[in-house]
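Taking it in order: structure first as C-alpha cells, then the write-up.
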Amino acid sequence: MNKFMRNGLFYLTFTGLLVHLFAAYGFWGLQRAEHLSARQVLVKAAEQLDINNPILSKILEPETKYLNFPFDGEVRKSHPRILLPESSNWNKRDVHSVIADRIAAFQRENINYPNGCGDNALMPAVVCWLSTNNTEAIAIIKYQLLNFELNKPTADTTYSNGWELALAYDLAHPLLTDAEKNQVEQKILAALQGTLANLDEDFASLWHGRSTHAAIAWLCAIVLSEHYVDDLDSYRRRAQAHFLNAAEGLAHTEAWPDGYNYWIQTRAFYFALAASAYLNGLDHANNQERIKDIVKRVGYWHIYATRPDNRIEGYGDEGSRIDLKDETKRVIDLMVQMTHDPVLNGYSKYLGKLHRDSYYSGYDWGILLFNDPSIPAVGDGSLPSLAKYLKEAEIFGRDTVNQIYIRNGWEPNDTFISFKAGNSYGHHAHYDAGHFTIFKSSPLITNSSTYNGFFRPHRLNYAIRTIAKNSLIIEKPNEKVRPNRFFSKNVADGGQRLTQPTGSSIVSIEQWFENYQKGLHLEGAQLLKFARRNNEYVFVSADLTAAYNNSVYDENGDGGKVRQVIRKLVYLPTEDKLVVYDAISKTKPEYVGKWIIHSVNKPEMANIEVLKGSTDNGILASNSKDIQIKNNNGFLKVNILLPSDATTRLIGGRDYQYYVETDGDDTVFDGENFINGASADSWHDLSRWRVELMSNNGSNDTEFLVSLAPSVDKPVTEDVRKINSKNGNAYGVLTNDTLIVFIREPAGMDDIVFDYVGKSKIIVVGLPEYRNVAIRIDNKTLFQGAAKDGVVFYDNPSSASGQVEIGMN
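The sequence shown begins at 325 in the numbering used here and counts up by one.
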C-alpha cells in the first residue's frame, strides 16, 4: 500500500471515528438534557430528518399503554355527554330550555352573552343554534363538521384540535344523518388515534403536555359510537386510563408545579372539560366523586393564590394570564357546573366583575355553555365577601409541592404571604424550596424571576435558580452546575440542584417515585409542620436539605455542601408580623450561607458602604440591623436578630438587577448580570434589588433569625427583640404581645428558661409531635399540655412577669 493510500485510509478512519464520537456525544447530551431513552432519541432524530421508513417506524413503535385497563362505568347511550346532558330530552324545535333560562338570567344581571350568530366558525354556530334555533346555523354546523381540518398533534408543542370537533359533534349530534355521523366520527377517531400515539410515547411529561393530551383523548373517546367505530372499547379504555392518570397527577400536587400561567393557558380548560365529560358521559362510574373532589380542590387553589391586587402570585415560568383575564373564568365556570360549590361560584362572580369581558373574544361563545347562573353563589362579587367561607392559611399539595398561602384577612390592604417548599415535578418549575413572598398593598418581598424565552441566559442562569428567590443560598466556590448541554457556562449561584431545567419525561406518579431519592433525585424540601390557630398564629417548618447538594446525595459526588437546612416561619395575624428562623449546617466552614430577599425598590439602610458601582447601581454593604422597604404605600420593616455579626449586602440597579457571583466566590466581585432574555412585562413584579444577609463567624453552622413587619401608609416603628434561653437551646422573639420560642436546631429536649418581661401570649414552635410541655412563670405552672403539630400556645391574659420555664416532660 503506497503512502498516499495509507494517509487516505488513516484520514477516513480518523474522520469516521470523530464523527461517531461527536454523534455519540450529541446522543448522550440529548438523553441527558431531556431525560429521554435511547429509543426516544432515535424517534426524535427520525422526525427531525423526516425519515418515513415503514420498517424503521415499526422498530421504533412504542408499546401500547393501558390495553387491559378495566373501564370505569358505562357510557351513556344518548348525547350530549360532555355538557348539557339535559339536552337529550330537548325537542329540537324550540330554543334549548336550559340555554333560554341562562339567557334570561344574564339579561336580568346585565351580563354580556354572545350567542355566536353571525359567526361562521363551528362552535359559535353550535351556540347560535342552541340559543336561537337558527336554521342558517344548522347549515354552517353541518358544513364545518364535515369539512373540519384536523391538525397533527406532537408530543410537547401541538395538541389535537379534535376536542373542538368532539364537543361540537356531541352537542349537534341530532342534526346529522347516519352517514354524516359516520364521517365525523372517523375524523374524531383519527384525532384520538394521533393523540393516543403521543401518549403511548414517553416524551410528554405528566405535569406538562401529557395532561392535555390525556384530556383531549378522553373528550374524543367519550363521544364516539360502536355503530361507526370498530374496537371502540379498546380506545375508550386507553383514553380513560390516560385521563385518570393525569387526574391523579393533578390530585398529587393540587397546585400546578410549572406555575399558574402554564396551567391556565394550556392545561386547565382541557382538563376541566374532560372532567365534565367524565361526570356527564358515564353512568355508574366509581371515580366520579374522586374527579369532583380533585376539581373542587384545584378550584380553591385559584382562590387562595389570588393576591389582593387581583392577580395570581407567580412562581414558575410565568406569563400574562396571572392577571386572571381571558382564561380563568371559563375554567372556574366549568368547575362550578361540576361541583355546584357556592364559594367557587362566588369566585366566578368576582372574576366577572373584575374583567367585564372575562372570556377571551375568540371563545366567548362558551359563556352560554360553561356558565350556569342557576347555581347558588355566596358573596357580592368581591374577594373580601368570600372571607367567612375561607381559611386565613391553606396548603396545597401537602408533602408534594407544599404550596402555602397565608393572610390576616381578605381586604385589599390585608397581608398576603406565599410560601413554597416542595419537590421537583416539571421543567417549567423553579428551584425555590423555602421561597416566600409578602404583599401588603403592593409587592414588598418579591419573586425576582422573569420569563422571556426557555433557553435564554436569564432563565437558565438566574430566573429558575434559588438566587432569584427569597430563600437560602450556600456558596461553594466553583461548584459544578451544568446539568446538560444547554448550560454552556458554569454558574455557581449557590442554590439548589437543577434536576429538570430544560425537559422532563415523567409519565406517571409511579415513575416519579422511581426517581425520588434515586435516579433523577427529584426530592426537594420536606414539610415538617404546618399548623394554624384561628387568628393567633400560623407555623410552617420545612427541611430544605435534599434540595441542595448534601452529605447524603451530591450530584457531583463531592460530599455535598450542607448536612442540614431547616426553615421555620411563624406569622402572627393580629400583630401582622412574620418571623423566620433558619439553621444551616454546612459540610465545610468556608462555604458561605446567605439569607436572601428581593424587592422592587432599593431598601433603605444606615451606614451604607459602596463595594462596587454606585449607591443606586451596584453592590453595597451595611452592618445595620434594620432594613426599610417601600413600594407605593406599602412598607416593610425588617429586623435582623441573627446573626449577631451580620453583614448585609444590597445588590441592584440597572447593571446589577440580575447579578450572580458566577464562580461561587464573592471575595472578588467578578460576577455577571444575566439580563439577556429578561422580561420587563407588567405581569412580573420586576424586582430591582436583592438583600443578602450573611455571617462572618467562619463556622460550619449558620443561623438566621429575621422579623418582617408589613404596613400600609406608614412604616412600623417598634422593634422586635431577641432573647436567649439560659442554656442556649432556644431563642425567644419578643413582639408587642407575644413571646415566640424557637427551639434551636438540632432540637434538644432540655427545659428552656428565659428571664422574661410579661407578654400576653407564648408560642413554642419546633417541638416533637404531642410532646408534653409545661409552662411555668415564677415556679407557678400556668399551662400543661401536648404539642399538637409541634406547637404549644398559651394565652396569658394577666401578662404575668418573671422567669419563664418551659418544661419538657
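We put the CB at the ideal spot given by N, CA and C, even for glycine.
Please determine if the segment 395-413 and the segment 613-623 are in contact, where contact requires at least 3 C-beta pairs separated by less than 8 Å.
No, because fewer than three Cβ pairs between the segment 395-413 and the segment 613-623 fall closer than 8 Å, the two stretches do not touch.
To which residues does DSSP link residue 939 through a beta bridge?
In DSSP, residue 939 forms no bridge with anything.
Comparing alpha-carbon positions, which option in 678, 559, 469 and 861 lies nearest residue 1119?
Selected option, being the one with the closest Cα: 861.
Are three or more beta carbon pairs between the segment 913-928 and the segment 1010-1024 nearer than 8 Å?
As far as the Cβ criterion goes, the segment 913-928 touches the segment 1010-1024, which means the pair count is three or higher.
Beta strand (DSSP E) containing residue 732: first to last residue?
It is not in any beta strand (DSSP E) - residue 732 carries neither H nor E in the DSSP assignment.
Measuring alpha carbon to alpha carbon, tell me which of 417, 482, 511 and 1015 ends up nearest residue 768.
Checking every option, the nearest Cα to that of residue 768 belongs to 1015.
Looking only at DSSP bridge pairs, what is residue 945 linked to?
Answer is 933 and 973, bridged to residue 945.
Below 8 Å on the Cβ atoms is my contact criterion, and I expect residue 1001 with residue 777 to pass it. Report the Cβ-Cβ distance as a whole number of Å.
Contact holds; Cβ gap of about 5 Å.
Have a look at residue 583 and residue 762 and give me their C-alpha separation to the nearest angstrom.
Using only the alpha carbons, I get a separation of about 18 Å.
By the three-class DSSP mapping on this structure, what secondary structure does residue 766 have?
Strand.
Counting C-beta neighbours from all protein chains within 10 Å, is the total for residue 292 16 or more, i.e. buried, or is it exposed?
There is simply no residue 292 to check, as the chain begins at 325 and stops at 1133 in what is shown.
By DSSP's criteria, residue 997 is part of a beta bridge. Which residues make up the other side?
DSSP lists 983 as partners of residue 997.
What separation, rounded to the nearest whole angstrom, lies between the Cα atoms of residue 867 and residue 1114?
Those two C-alpha atoms are separated by around 14 Å.
Does the Cβ of residue 605 have 16 or more other Cβ atoms within 10 Å, making it buried, or fewer, making it exposed?
By the neighbour-count rule (16 or more Cβ atoms within 10 Å), residue 605 is buried.
Between which two residues does the beta strand (DSSP E) containing residue 1073 stretch?
Where residue 1073 is concerned, there is no enclosing beta strand (DSSP E), given that its DSSP letter is neither H nor E.
From which residue to which residue does the alpha helix (DSSP H) around residue 616 run?
Start and end: 612-628.
Nearest to residue 1078 by alpha carbon, out of 1092, 1090, 419 and 1103?
Answer by Cα proximity: 1103.
Can you look up residue 775 in the DSSP assignment and give me helix, strand or coil?
Of the three classes helix, strand and coil, the one that applies to residue 775 here is coil, per DSSP.
Is residue 542 helix, strand or coil by DSSP?
Of the three classes helix, strand and coil, the one that applies to residue 542 here is helix, per DSSP.
Assign residue 1132 to one of three DSSP states: helix, strand, or coil.
Reduced to three states, the DSSP call for residue 1132 is strand.
By Cβ distance below 7 Å, which residues in the same chain neighbour residue 416 in space, the five residues on each side in sequence not counted?
Cβ neighbours of residue 416 beyond the five flanking positions: 498.
Nearest by alpha-carbon distance to residue 1025: which of 897, 912, 1067 and 454 is it?
If we check each option's Cα against that of residue 1025, 912 comes out closest.
Between the segment 475-492 and the segment 511-526, do three or more beta carbon pairs fall short of 8 Å?
Yes, the segment 475-492 is in contact with the segment 511-526.
What residue from 449, 660 and 760 has the CA that sits closest to residue 441's CA?
That would be 449, whose Cα lies nearest to the Cα of residue 441.
From what residue to what residue does the alpha helix (DSSP H) around residue 576 run?
Where residue 576 is concerned, the enclosing alpha helix (DSSP H) stretches over 556-577.
Got a sec? Which residues, its chain only, sit under 6 Å from residue 953 by beta carbon, not counting five neighbours each side?
Closer than 6 Å at the Cβ level, and outside the excluded window around residue 953, lie 768, 923, 927 and 960.
If the criterion is Cβ atoms closer than 8 Å, does the pair residue 1083 and residue 1063 meet it?
It is a contact, given that the beta carbons lie within the stated cut-off.
Only counting the same chain, and skipping five residues up and downstream in sequence, which positions put a Cβ closer than 6 Å to that of residue 742?
Only 637, 729 and 761 meet the Cβ criterion.
Indicate the three-state DSSP secondary structure (helix, strand or coil) for residue 583 in the structure shown.
Correct three-state label for residue 583: coil.
Considering only the alpha carbon of each residue, which of 593, 722, 1028 and 1092 lies closest to residue 491?
Residue 491 has its Cα closest to that of 593, out of 593, 722, 1028 and 1092.
Relative to the C-alpha of residue 1163, which candidate in 782, 494 and 1035 has its C-alpha closest?
Because residue 1163 is not part of the residues shown, which for the chain are 325 to 1133, the question remains open.
Can you tell which of 1003, 986 and 907 has its C-alpha closest to the C-alpha of residue 1029?
Nearest C-alpha to residue 1029: 907.
What's the gap between the Cα of residue 746 and the Cα of residue 890?
Near 13 Å, if we compare the C-alpha coordinates of residue 890 and residue 746.
In this structure, how does DSSP classify residue 486 when only helix, strand and coil are distinguished?
Three-state result, residue 486: helix.
According to DSSP, is residue 892 helix, strand or coil?
Three-state result, residue 892: strand.
Just the Cα atoms here: how many angstroms apart are residue 905 and residue 436?
When rounded, the distance between both Cα atoms is 51 Å.
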